[in-house]
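Just so you know, we're using our numbering here: the sequence shown kicks off at 1464 and counts up by one.
Ideal Cβ placement from N, Cα and C applies to all residues, glycine included.
Source: prediction; values computed, not measured.
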Amino acid sequence: MTQVTIIHNPRCSKSRQTLALLQEQDCQIQVVEYLKSPLVRSEIEGLLAKLNISARELMRTKEVEYKEQGLADINLTEAQLIQAIIQTPKLLERPIVLANDKAAIGRPPENVLSIL
1464 MTQVTIIHNP
1474 RCSKSRQTLA
1484 LLQEQDCQIQ
1494 VVEYLKSPLV
1504 RSEIEGLLAK
1514 LNISARELMR
1524 TKEVEYKEQG
1534 LADINLTEAQ
1544 LIQAIIQTPK
1554 LLERPIVLAN
1564 DKAAIGRPPE
1574 NVLSIL
């Protein structure tokens, strides 16, 4: 049985769809509600490495907070963008599924099947 972790927001339809898809698989699922238990720097850095993307690519750029905090500024460093995610967890793209030492963003939900 595959062990998976989903970084989840129950209010997000894509996140709910991804969780339902995982429940249909032969998986043992750990659900992390990142708005209740925000990720720490090392967890975000680990996600970035597994996803092979930049911090900006892990952010929800259409959120009001992204614009309000001036995060579109191309001069911001990775460390500054990661700090913004830590301080405003809502900015984190979701859902993210971790399995088999890999990660995938569930947009669309079927994306996560490639790592199971």
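For the alpha helix (DSSP H) holding residue i, just list the boundary residues, first then last.
i, result
"residue 1527", "1527-1531"
"residue 1513", "1504-1514"
"residue 1547", "1541-1550"
Do the CB positions of residue i and residue j come within less than 8 Å of each other?
i, j, result
"residue 1557", "residue 1476", "no"
"residue 1488", "residue 1579", "yes"
"residue 1482", "residue 1469", "yes"
"residue 1559", "residue 1568", "yes"
"residue 1467", "residue 1492", "yes"
Considering residue i, what are the terminal residues of the beta strand (DSSP E) in which it resides?
i, result
"residue 1488", "Residue 1488 -> no beta strand (DSSP E), and no H or E assigned at all."
Would you report the Cα separation of residue i and residue j, rounded to the nearest angstrom?
i, j, result
"residue 1534", "residue 1497", "20 Å"
"residue 1494", "residue 1561", "11 Å"
"residue 1542", "residue 1510", "14 Å"
"residue 1473", "residue 1518", "23 Å"
"residue 1490", "residue 1505", "25 Å"
"residue 1548", "residue 1464", "32 Å"
"residue 1530", "residue 1540", "16 Å"
"residue 1574", "residue 1551", "25 Å"
"residue 1528", "residue 1563", "33 Å"
"residue 1523", "residue 1484", "22 Å"
"residue 1513", "residue 1566", "6 Å"
In the DSSP assignment, what are the bridge partners of residue i?
i, result
"residue 1466", "1491"
"residue 1565", "1562"
"residue 1496", "1471"
"residue 1555", "1522"
Does any residue of chain D have a CB that is nearer than 8 Å to the CB of residue i?
i, result
"residue 1486", "You won't find chain D in this structure, because it holds only one protein chain."
Would you be able to state if there are at least three C-beta pairs under 8 Å between the region 1545-1564 and the region 1493-1502? Yes, the region 1493-1502 is in contact with the region 1545-1564.
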